[in-house]
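J.: Dropping the structure in here first, questions after.
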Amino acid sequence: MLSVEDIKKLTKVFATKEDLRTLEEKMATKDQFRQVMTIIDNLVGEVRAFRQEMTFLNHRVEKIESTPTVASELRKKK
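Going from the sequence shown to the working numbering is simple: count from 1 and add 43.
See the structure below:
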């Protein structure tokens, strides 16, 4: 049989109804979690688009830099 002391020890270890209510209030709902995931998905899409644009611009800059300028070609002909 459980003694009063045993019951006191158990109440210290196990969560009470009030503890569970407090925990439930702090937890995010499914809708809140869905909203966060939607925002993260949108941000990931923006980052991908930015990376693609940077890759494209980098390629254009490399192409421009590798094209000889008119002035340097004229100097070579002299």
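Where is the CB? At the ideal position from N, CA and C, for every residue including glycine.
Since this is a predicted model, take the numbers as computed values, not measurements.
Note down the Cα distance separating T81 from T98, rounded to an integer number of angstroms.
T.: Their Cα atoms are separated by approximately 26 Å.
J.: Excluding the five sequence neighbours on either side, which residues of its own chain have a C-beta within less than 8 Å of the C-beta of A58, listed in chain order?
T.: The answer, listed in chain order, is L66.
J.: Terminal residues of the continuous alpha helix (DSSP H) containing T98?
T.: Residues K73 to S109.
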